[in-house]
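One structure is given here, and the rest of the page talks about it.
In UniProt numbering, the protein residues as written are 1 to 253.
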């Protein structure tokens, strides 16, 4: 299919006002929709309403809390253009695969070949683990809606079996140590970029879904770390160059 007749409905996590995209996995899907040049509308969902929203649309959870209970999160999409009626997809990676196949002739291809999608899935898990390892840096600065922030914090404290929200945050000297560890991990990660002279992306000048995966996390770091400008200088400015190169597909439609 070239382009859909009706806009795709994209469910994203709402920030505090003004509503904007900030979470990493919804950013992956927003990039995907824009790169595929697909019409879509954003349905902003408050964090405390994410579980009920997924349940209402019968979209199964795809993640777990450490205690193995279901973690209901976003993104998810509804595609009303499917020949079988509404198609619901509730995982950022699965959304990318679905859209790249369903709308192969629209926008850019995300996956160079179908037989390497499994490699991208492994890369996605690796990148998620790398950034999640240091997500404690972000907790205290997430742009939560003031009206629902306390409820959101209580739910995370309960689900993660900690005594207070403060245990999910880090400041002062301890924060500096985590930042140093983050920089060291990013230094190792940067070695995967082999084509420095050809462009900012993993495959040089050619954009692929691998760059979307990293870009989604960089957008989250940019939105939640006061040290973003410092990070922009890491690895010779690699991450700043990458997020700048993704800017044409960062519109929040």
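Here a beta-carbon is modelled for each residue, glycine too, at the ideal position from N, C-alpha and C. Remember, it's a predicted structure, so these values are computed and weren't measured experimentally.
Evaluate residue 85 with the Cβ neighbour count: other Cβ atoms within 10 Å of its Cβ, from every protein chain shown; 16 or more gives buried, anything less gives exposed. exposed
Kindly indicate which three-state DSSP category residue 84 falls into: helix, strand or coil? Coil at residue 84, not helix or strand.
Contact belief for residue 124 with residue 213 at Cβ below 8 angstroms, rounded distance in angstroms: 5 angstroms
Could you pull out every residue in the same chain whose Cβ sits closer than 7 angstroms to the Cβ of residue 135, ignoring the five residues on either side in sequence? none
Boundaries (first-last residue) of the alpha helix (DSSP H) holding residue 191: Premise fails: residue 191 is in no alpha helix (DSSP H) and is neither H nor E.
From which residue to which residue does the beta strand (DSSP E) around residue 8 run? Its beta strand (DSSP E) spans residues 8–13.
Close Cβ partners of residue 107 (< 6 angstroms) along its chain, the five nearest in sequence each way excluded: 35, 36 and 37
For residue 63: DSSP bridge partner residues: 71
Could you say if the segment 94–114 and the segment 203–210 meet the contact criterion of at least three C-beta pairs nearer than 8 angstroms? By the C-beta criterion, the segment 94–114 is judged to be in contact with the segment 203–210, since at least 3 inter-stretch pairs fall below 8 angstroms.
So residue 49 is in the beta strand (DSSP E); what residue range does that whole segment cover? Neither: residue 49 is in no beta strand (DSSP E) and is coded neither H nor E.
Can you name the residues that DSSP bridges to residue 203? DSSP lists 206 as partners of residue 203.
Since residue 89 contacts residue 98 with CB under 8 angstroms, what's their CB separation in whole angstroms? 5 angstroms
Rounded to a whole number of angstroms, what is the C-alpha to C-alpha distance between residue 151 and residue 204? 44 angstroms
Extent of the continuous alpha helix (DSSP H) run through residue 77: Segment 76–79 is the beta strand (DSSP E) holding residue 77; no alpha helix (DSSP H) there.
Just to check my reading of the structure: residue 33 and residue 40 have Cβ atoms closer than 8 angstroms, yes? What is that Cβ distance to the nearest angstrom? 5 angstroms
Leaving out five residues on either side along the sequence, give the residues of the same chain with a beta carbon under 8 angstroms from the beta carbon of residue 244. 200
Would you give the residue range spanned by the alpha helix (DSSP H) that residue 99 belongs to? In the DSSP assignment, residue 99 falls within the unbroken alpha helix (DSSP H) covering 92–102.
Nearest-angstrom Cα distance between residue 230 and residue 188? 18 angstroms
According to DSSP, is residue 42 helix, strand or coil? strand
In or out: residue 146 buried (at least 16 other Cβ within 10 Å) or exposed? exposed
Among residues of its own chain, excluding the 5 on either side of residue 175, which ones have a beta-carbon nearer than 8 angstroms to its beta-carbon? 137
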